[in-house]
Amino acid sequence: MFTLEPLLETFQTGSGFWSPIIWIVAIIVAFLVAVILRGFGKKEYKEKTGQTQAFLSGNPEYEKEQMHIKGSNLYWGFTESLEWVFDALKKMHTGNVSDYALWFVIVVAILFIVLITGENLMGAI
Amino acid sequence: MIFNIPFIAVAALILIGLYAVIFKRNLIKMVIGITLIESGVNLFLITLGYREGSIAPIYTSSPGGIMALPVPQALTLTSIVIGVAVLALMLSLVIHIYRHYGTLDVRKIGGPEE
Amino acid sequence: MNVADLIDLLLQHSPALIVAVPLLGAFITPLISRLNDKVRNVFVILTLGLTASLVFLLASDVFTGNIHTYIFGSQDLALPVVRILFEVDAMSAFMAIISVILSLVAVIYSWSFMKENTGLDKYYTLILLMTAGMLGMELTGDLFNFFVFLEITSISSAALVAFWTNKAKSVEAGFKYIVISTIGALFILFSIALFYGQYNALNMAMIASAMQYTFLDKIALVLLIAALAMKAGVVPMHMWLPDAYSKAPSSVTLILVGATQASLYGVFRVCFTIYGGAINLSSISIGWILVILGIITMLLGVAMAIIQTDFKRLIAFSAVAEIGYMLLGIGTGLVVMLNPEMTATGLAAMKGGIFHIMNDALDVGLLFLVAGAIYYATKETSLNKLGGLARNMKYTTVFFIIGLLAVSGMPPMNGFASKLLIYESTYQLNPILSIIAILSSIMLLAVFVKVFHSAFLGPALPKFENVKEVPKSMLIAMGTIATIIIIFGLFPEIIVNSIVEPAANALINYGDYVREVIPSFTGGV
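As they're listed, the protein sequences go chains A, B and C. Taking our numbering, the leading residue of the first sequence gets 1, the next gets one more, and so forth. Taking our numbering, the leading residue of the second sequence gets 1001, the next gets one more, and so forth. Taking our numbering, the leading residue of the third sequence gets 2001, the next gets one more, and so forth.
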């Protein structure tokens, strides 16, 4: 028999809980507030007039392609300041299948050392 | 078995195969390396089932005595069949790669992504 | 015979049928393909639909606590090796559900997505073979059988990755994939041989019951974890994954996600079931290895995702990062397993990790399908060339937003529920772990906001003026996954209680799995 009650249960995570339903209600409320605020806006907007033109301090508008902020432009500062990290990472990804196999051997070796030598060390202590 | 020669051969085959996969630049040689690893593993399986002085495990016409364990042989046969399929697929992909790049050098076909 | 008996009979034979139906279907497909393309597509969808209903039938019984075994070969227990055993517990059933859903959706998606291609009979045959392989890996209780299915999956998926043979990069990715898979599989076979030499058994339950944790067992453990983790795309052995995921057709990528997770299932089965009794004997926990691998995987995956400029490659790197969460959750469960004070934490971590397997499959899968839809509409995957597509592709945009929120763990999507479980439980183990996990989640959100901005927002580009919404079959496929994501997000408690918790318990109580085959086994209580 299908009942509504289990659908409204809170999600128990062991040490806390959360309820998606409350969250949904909050999102709907926020959406309504946004719609109401939008309603206060001016209504004289007309399509296909000068109003829709971009205004760049009187400078001419660029081509659409140039106006668009592209994928590699985003987070420029972040990647630039952490360049040493990303350069190292890029260097790691050589795209050479031999290196992929080499990484496998390296991981096997590390796990081997950790599991076997480490265990003997722990045993000695 | 004398000095565990089969097991030494297993280790040697696997290590040589890994060496070929990692350090050889020619794709065909890498494929050969993989088949070497495979032979090593197959030899390992077969060796596990072997007992000194044993005969083939044919129950109906057995003259008596120790028989080799048939299960590892069945496993090896399966593994060989799989190996053939993998080998055929790898070589056909190598042919396609050669058509596209005109080379079999692994450093020239890879290259970091954009 | 009435209906109830028939269902009982089907249930009894379902473990065999689940693998047999797609396997037979695979070889009938080329014949039917001669008749008509549409008939073939319908046939493939029906075959997978039948498989899916069998999986659901089996799962519904397994989740109530029964473990199903199915014996191929000798029923006589005195001949222990002359048979292959399928053993389905809740974890296997859980993984089977994921695989079958992904395959079904991928086939529906392919209807329009692959329409222009030739050689589609082979394409569908390979997809069915791959599905059979994945399901076999998840249902089998025999290690050598596991290896065979692993190879079936690898061979068919490598062929599918290289399906667009006219593209140099696709062929190259396929070659890398098959090389890496074969090396991994051969080392798995080597460790199976190590087990066989010691315990004279291939059955997982029998090996688990006899496990001594000798030096050879440690070698086998290292090789099994490393090889299966490589096939699951764990850093630093993940590099084949972005190549294969980004160069394969999107529908294939969706099933590849399932194949990767089937390997991950192998890692968990090895650590929890086969080495279940060995945890007491080891002073260094295997769990910590999984946790550390998980942390590295998360951080590196997300860092690489930020600098990618190719749509599919970016999603592939975030899929790598997602695998880190599963390892973190389940590894935490393994670390605290022997500590009686932290049983609740362990269970919560396991639930989070396992729930995240399903959520990742759905979220990342949906994003790959969206990437495929964009490729289908614009023939472009570079984020530097896309832009303003939200104007032309409204439904795709909505699906992308759903996938974006889900994959970065934003409430109220399903990704949040599982990540919340992981954050809370890892915090109790070590706060730094959960801080890193949350940090990667935030970075994932940043990554996908970047995609959303550069592909969907921005001015209407003239070259994409005539781009149209994708055909219905692709929308249906994306819509199905999006619906499941929303349902899981709204009612996580039901899903966790009904399917995730049995799966977590099945992994923790490995003794039940062993006792199903060897009733005299006393460990793992």
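Quick reminder that beta carbons are idealized off the backbone N, C-alpha and C, glycines included. As the structure is a prediction and not an experimental result, all values here were calculated from the model.
CB contact flag (residue i, residue j, <8 Å)
i, j, result
"C/Ile-2401", "C/Leu-2389", "no"
"C/Gly-2174", "C/Ala-2158", "yes"
"C/Ala-2094", "C/Ile-2255", "The amino acid at residue 2094 of chain C is misidentified as Ala; the sequence shows Phe. In this structure, C/Ile-2255 does not lie closer than 8 Å to C/Phe-2094 by Cβ."
"B/Val-1106", "B/Arg-1025", "yes"
"C/Pro-2249", "C/Met-2130", "no"
"C/Leu-2085", "C/Ser-2014", "no"
"C/Gly-2025", "C/Leu-2104", "no"
"C/Ile-2098", "C/Ile-2357", "yes"
"C/Ile-2333", "C/Gly-2301", "The residue asked about is misnamed: residue 2333 of chain C is Gly in this sequence, not Ile. No. Outside cutoff."
"C/Ala-2506", "C/Ala-2090", "yes"
"C/Gly-2294", "C/Leu-2328", "yes"
"C/Val-2291", "C/Gly-2346", "no"
"C/Val-2107", "C/Leu-2017", "no"
"C/Val-2407", "C/Leu-2369", "no"
"C/Tyr-2510", "C/Ala-2262", "no"
"C/Ala-2361", "C/Val-2257", "yes"
"C/Phe-2335", "C/Leu-2429", "The question names Phe, but residue 2335 of chain C in the sequence shown is Val. Yes; because the gap between Cβ atoms is below 8 Å, this pair is in contact."
"B/Ala-1068", "B/Ser-1054", "yes"
"C/Glu-2516", "C/Ile-2067", "yes"
"C/Ser-2425", "C/Ala-2504", "no"
"C/Val-2021", "C/Thr-2051", "yes"
"C/Ser-2285", "C/Leu-2386", "no"
Within chain B, partners of residue i - CB distance below 8 Å
i, result
"C/Val-2148", "Thr-1078 and Ile-1082"
"A/Ala-101", "Leu-1018, Val-1021 and Ile-1022"
Among the options, the one whose alpha carbon lies nearest that of residue i
i, options, result
"A/Leu-115", "C/Leu-2186, C/Val-2171, C/Ala-2278 and C/Thr-2522", "C/Ala-2278"
"B/Tyr-1101", "C/Lys-2169, C/Glu-2501, C/Leu-2228 and C/Pro-2411", "C/Lys-2169"
"C/Ala-2446", "A/Ile-113, A/Phe-112 and A/Phe-78", "A/Phe-78"
"C/Gln-2198", "C/Gly-2184, C/Phe-2215 and C/Thr-2260", "C/Phe-2215"
"B/Leu-1087", "C/Glu-2151, C/Thr-2273 and C/Val-2449", "C/Glu-2151"
"A/Leu-74", "C/Ala-2460, C/Leu-2383, C/Ala-2506 and C/Ala-2348", "C/Leu-2383"
"B/Ser-1039", "B/Tyr-1098, B/Ile-1022, B/Ile-1082 and B/Ile-1097", "B/Ile-1082"
"C/Leu-2205", "C/Lys-2419, C/Gly-2329, C/Leu-2143 and C/Ala-2162", "According to the sequence provided, residue 2205 of chain C is Ala. The question's Leu does not apply to it. Of the listed residues, the one whose Cα sits closest to C/Ala-2205 is C/Leu-2143."
"C/Phe-2147", "B/Thr-1078, B/Ile-1037, B/Thr-1103 and B/Tyr-1098", "B/Thr-1078"
"C/Leu-2439", "C/Asp-2061, C/Leu-2010, C/Leu-2299 and C/Arg-2040", "C/Leu-2299"
"C/Ala-2321", "C/Ala-2344, C/His-2238 and C/Arg-2269", "C/His-2238"
"C/Arg-2269", "C/Lys-2385, C/Ala-2259, C/Phe-2464 and C/Ile-2225", "C/Ile-2225"
"C/Ala-2303", "C/Ala-2437, C/Ser-2473 and C/Trp-2288", "C/Ala-2437"
"C/Ala-2344", "C/Thr-2378, C/Leu-2405, C/Leu-2421 and C/Ile-2286", "C/Leu-2421"
"A/Asn-96", "B/Gly-1049, B/Tyr-1098, B/Val-1021 and B/Thr-1035", "B/Val-1021"
"A/Ser-19", "C/Pro-2411, C/Leu-2202 and C/Ser-2454", "C/Pro-2411"
"C/Thr-2273", "C/Gln-2012, C/Ser-2318 and C/Gly-2523", "C/Gly-2523"
"B/Pro-1070", "B/Phe-1023, B/Leu-1048 and B/Ile-1037", "B/Leu-1048"
Beta-carbon neighbours of residue i, restricted to chain B and to distances below 9 Å
i, result
"C/Tyr-2196", "Leu-1045, Leu-1048, Gly-1049, Val-1071, Pro-1072 and Leu-1075"
"A/Val-105", "Leu-1018 and Ile-1022"
"C/Ile-2155", "Ile-1082, Ala-1085, Val-1086 and Leu-1089"
Residue-chain proximity (residue i, chain F), Cβ-Cβ < 8 Å
i, result
"B/Met-1030", "As a matter of chain content, chain F is missing from the structure shown, whose protein chains are A, B and C."
Residues that residue i contacts on chain A, provided the C-beta gap is smaller than 8 Å
i, result
"B/Val-1106", "Asn-96, Val-97 and Ser-98"
"C/Ile-1947", "Examination of residue 1947 of chain C is not possible in this model, given that chain C is present from 2001 through 2525 alone."
"C/Met-2225", "The question names Met, but residue 2225 of chain C in the sequence shown is Ile. Those within 8 Å of C/Ile-2225 in chain A are Leu-111."
Partners in chain A for residue i, counting only beta-carbon separations shorter than 9 Å
i, result
"C/His-2453", "Ile-69, Gly-71 and Leu-74"
Contacts that residue i makes with chain C (C-beta to C-beta distance below 7 Å)
i, result
"A/Ile-28", "Under the 7 Å cutoff, chain C gives no residues; its nearest Cβ is about 11 Å from A/Ile-28."
"B/Tyr-1101", "Ala-2168"
Listed by chain order, chain B residues near residue i by CB distance under 7 Å
i, result
"C/Thr-2165", "His-1096"
Residues that residue i contacts on chain C, provided the C-beta gap is smaller than 9 Å
i, result
"B/Met-1067", "Those do not exist, as B/Met-1067 stays about 14 Å from chain C at its closest Cβ, beyond 9 Å."
Neighbouring residues, chain C, relative to residue i (Cβ below 8 Å)
i, result
"B/Leu-1093", "Ala-2158, Ala-2162, Val-2171, Gly-2174, Phe-2175 and Ile-2178"
"A/Glu-56", "The sequence as given places Leu at residue 56 of chain A; Glu does not occur at that position. Chain C residues near A/Leu-56: none, gap ~13 Å exceeds 8 Å."
**Q.** Inter-stretch contact (C-beta, 8 Å, three-pair minimum) for the region 1006-1016 of chain B and the region 1027-1043 of chain B
**A.** Output reads yes: the region 1027-1043 of chain B touches the region 1006-1016 of chain B.
Q. Hey, is the region 1083-1097 of chain B in contact with the region 1024-1035 of chain B, meaning 3+ C-beta pairs nearer than 8 Å?
A. With the rule of 3 Cβ pairs closer than 8 Å, the region 1083-1097 of chain B counts as touching the region 1024-1035 of chain B.
Q: Pair every Cβ in the region 2394-2411 of chain C with every Cβ in the region 2456-2469 of chain C, then say whether three or more of these pairs are closer than 8 Å.
A: yes
Q) Is it a yes or a no for the region 2133-2148 of chain C touching the region 1053-1067 of chain B, going by three-plus beta-carbon pairs under 8 Å? A) no
Q) Quick one: complete beta strand (DSSP E) runs, 3+ long, within the region 2281-2331 of chain C? A) none
Q. How about the region 2499-2507 of chain C and the region 94-114 of chain A: do they share at least three Cβ pairs that are nearer than 8 Å?
A. no
**Q.** Validate contact between the region 2232-2249 of chain C and the region 2314-2334 of chain C using beta carbons, cut 8 Å, 3 pairs
**A.** yes
Q.
Could you check whether the region 2214-2228 of chain C touches the region 2184-2203 of chain C, counting it as contact only if at least three pairs of C-beta atoms, one from each stretch, sit closer than 8 Å?
A. Yes, since at least three Cβ pairs between the region 2214-2228 of chain C and the region 2184-2203 of chain C fall closer than 8 Å, the two stretches touch.
(Q) I'd like the ranges of any alpha helix (DSSP H) spanning at least 4 consecutive residues and lying wholly in the region 38-62 of chain A. (A) Counting whole runs of 4 or more residues, the region 38-62 of chain A contains no alpha helix (DSSP H) stretch at all.
Q) How about the region 2224-2233 of chain C and the region 2174-2191 of chain C: do they share at least three Cβ pairs that are nearer than 8 Å? A) Enough Cβ pairs lie closer than 8 Å, so yes.
**Q.** Unbroken stretches of the beta strand (DSSP E), 3 residues or longer, contained in the region 2364-2405 of chain C
**A.** Fully enclosed beta strand (DSSP E) runs of 3 or longer: not present.
**Q.** Three-pair Cβ contact test at 8 Å for the region 2408-2417 of chain C versus the region 2476-2493 of chain C
**A.** yes
**Q.** Complete alpha helix (DSSP H) runs within the region 1031-1109 of chain B (minimum length 4 residues, chain order)
**A.** Counting only runs of 4 or more, we get 1070-1101 and 1106-1109.
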